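Residue numbers (this note's numbering): 21 to 482.
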Ligand SMILES: Cc1ncc(COP(=O)(O)O)c(C=O)c1O
């Protein structure tokens with residue numbers, strides 16, 4: 021459930037009209053609802069009542085400082101995958117002891133940064149990474165707590181680009197290698213083995229694959245303890261899906277998810293850690309865009325809007341479906357079939373294809389729903405389009421939590437190579453009075469800005 025609803029015929033984020041925000045910040049813009057973020061944390065916490073899990077929000081889903089700070093104040097920890105995300109988590113006030121560091125390609129610099137900043141533990145993705153962590157923590161005189169990310173080779177039945185638990189993907193350590201690597205980890209300097217980690221994919225709409233993977237993790241924990249490893253926690257990753265389209269593939273409720281966790285890990289006296297991203301932020305955010313024009317082709321109608329694939333890449337990257345609501349409710353009455361597309365020069369630049377939607381006209385506002393996760397964080401500046409602003413609403417207040425990038429900021433990031441440095445313009449000599457006789461063609465060139473003298477003698481530069 022979210023807090024975007026029509027009031028008096030106008031779509032509101034909580035108590036703030038989106039039209040009002042559009043007037044203040046222009047379009048397109050992302051808009052996040054605080055009440056929805058709070059609700060999602062509450063629902064998840066209640067589902068796990070009695071288990072007291074550490075909820076480490078997956079920063080990659082939406083890393084805006086206002087979102088992170090809101091979640092930190094609700095008690096969340098953070099799941100991070102880069103030094104940048106560690107910095108963001110710390111800047112938002114997250115205690116290092118609540119930060120877990122995952123990611124398939126942690127650099128030595130990042131490992132060192134994480135250790136120096138006292139993150140809770142590393143979710144280790146390969147044998148070589150384990151060696152790096154041992155070397156670096158020994159060098160720093162530190163001890164790194166680790167869990168191995170185990171790839172259980174389970175088909176999570178989600179889109180192939182966000183499926184991470186099958187044998188052929190780059191993520192995690194094969195289940196069959198787990199015992200050997202835990203034994204090795206135990207022998208390595210500077211390492212404390214503390215847990216087991218898994219994450220089999222995102223936007224999961226079925227519990228069966230999760231249950232299968234959890235069962236394997238339970239068996240692993242039992243075997244590891246029997247071998248003398250002090251396993252105190254199991255980190256179950258994130259992945260629970262959200263309803264993007266009210267009608268199909270309704271994901272399981274967090275209560276049912278929590279019941280599976282209880283069933284699989286009951287009686288083991290394990291700390292449960294969770295890394296939800298999408299579940300917390302997806303439906304807490306929308307992307308508001310304005311119709312530029314409606315172009316009727318021979319075969320299709322295109323609603324051309326001012327948001328594009330560079331602002332929200334999910335439709336073209338994952339064939340993702342986002343509901344599209346008109347900001348003015350009355351438009352819902354009439355119906356057209358249209359592709360909702362952006363101005364970017366790619367045929368793949370669309371937000372919806374063949375969508376039955378209200379008839380719309382130039383300048384009307386549309387809300388692309390459920391865009392809070394993997395939206396703004398994946399935005400780019402293709403076609404020299406500015407990163408769009410992000411706005412956060414709380415009750416009847418709103419604040420710009422990331423201003424629109426200016427063209428000066430965008431273009432100003434580029435630097436000229438020294439050999440392209442701007443040259444000083446050649447001094448232009450005062451033109452001599454035109455002689456009364458007809459001029460030859462080359463003399464005409466001189467009058468176009470380069471004096472004959474300058475042509476003969478190269479000007480010296482200091
Ligand atoms: C290791 C890990 N944990 C958590 C998440 C968050 O997943 P979701 O947003 O589906 O909950 C991801 C996302 O890919 C991930 O890779």
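Glycine residues also receive a C-beta, built at the ideal position from the N, C-alpha and C atoms. Quick caveat: nothing in here was measured; it's all calculated off a predicted structure.
| Query | Result |
| --- | --- |
| Quick check on the DSSP output: what are the complete alpha helix (DSSP H) runs of length 4 or more inside the region 100 to 146, in order along the chain? | 103 to 111, 128 to 136 |
| What residues come near ligand 1, if near means a beta carbon less than 5 Å from any of its heavy atoms? | 78, 81, 122, 219, 222, 257, 258, 259, 295, 296, 297, 298 |
| Roughly how many angstroms separate the alpha carbons of residue 326 and residue 402, rounded to a whole number? | 14 Å |
| Contact check, residue 355 vs residue 379 under 8 Å by CB: the rounded distance? | 7 Å |
| Applying the criterion that 16 or more other CB atoms from any shown protein chain within 10 Å of the CB defines a buried residue, is residue 117 buried or exposed? | exposed |
| Might you give, ordered along the chain, the residues of its own chain that have their beta carbon closer than 7 Å to the beta carbon of residue 35, omitting 5 neighbours on each side? | 415, 416 |
| Could you tell me which whole alpha helix (DSSP H) segments of length 4 or greater appear in the region 403 to 462? | 427 to 432 |
| Distance check for residue 405 and residue 330, CA to CA, integer angstroms please. | 8 Å |
| Tell me where the beta strand (DSSP E) around residue 376 begins and ends. | 370 to 377 |
| Nearest to residue 422 by CA position, among 160, 439, 399, is which residue? | 399 |
| Residue ranges of each beta strand (DSSP E) run of no fewer than 3 residues wholly in the region 245 to 321, ordered along the chain? | 253 to 255, 291 to 294, 305 to 316 |
| To the nearest angstrom, how far is it from the Cα of residue 3 to the Cα of residue 408? | Past the edges of the chain, shown from 21 to 482, lies residue 3, and the structure says nothing about it. |
| Flag residue 168 as yes if its beta-carbon sits less than 9 Å from any beta-carbon of chain C, otherwise no. | Checking the listed chains, one finds no chain C in this structure; it contains a single protein chain. |
| Answer with buried or exposed for residue 21, where buried requires no fewer than 16 other C-beta atoms within 10 angstroms of its C-beta. | exposed |
| Any idea if residue 367 is buried or exposed, counting beta-carbon neighbours within 10 angstroms, 16 or more meaning buried? | exposed |
| Assuming residue 259 contacts residue 222 under a Cβ cut-off of 8 Å, what Cβ separation, rounded to an integer in Å, is found between them? | 5 Å |
| Around the Cβ of residue 126, are there at least 16 other Cβ atoms within 10 angstroms (buried) or fewer (exposed)? | buried |
| Using the DSSP secondary-structure output, state which residues sit across from residue 335 in a beta bridge. | BP columns for residue 335 are empty, so no partner. |
| So, do the region 200 to 209 and the region 150 to 160 have three or more beta carbon pairs nearer to each other than 8 Å? | yes |
| Nearest by alpha-carbon distance to residue 170: which of 314, 235, 394, 291 is it? | 235 |
| Please classify residue 427: is it buried, with 16 or more other beta-carbons within 10 angstroms of its beta-carbon, or exposed? | exposed |
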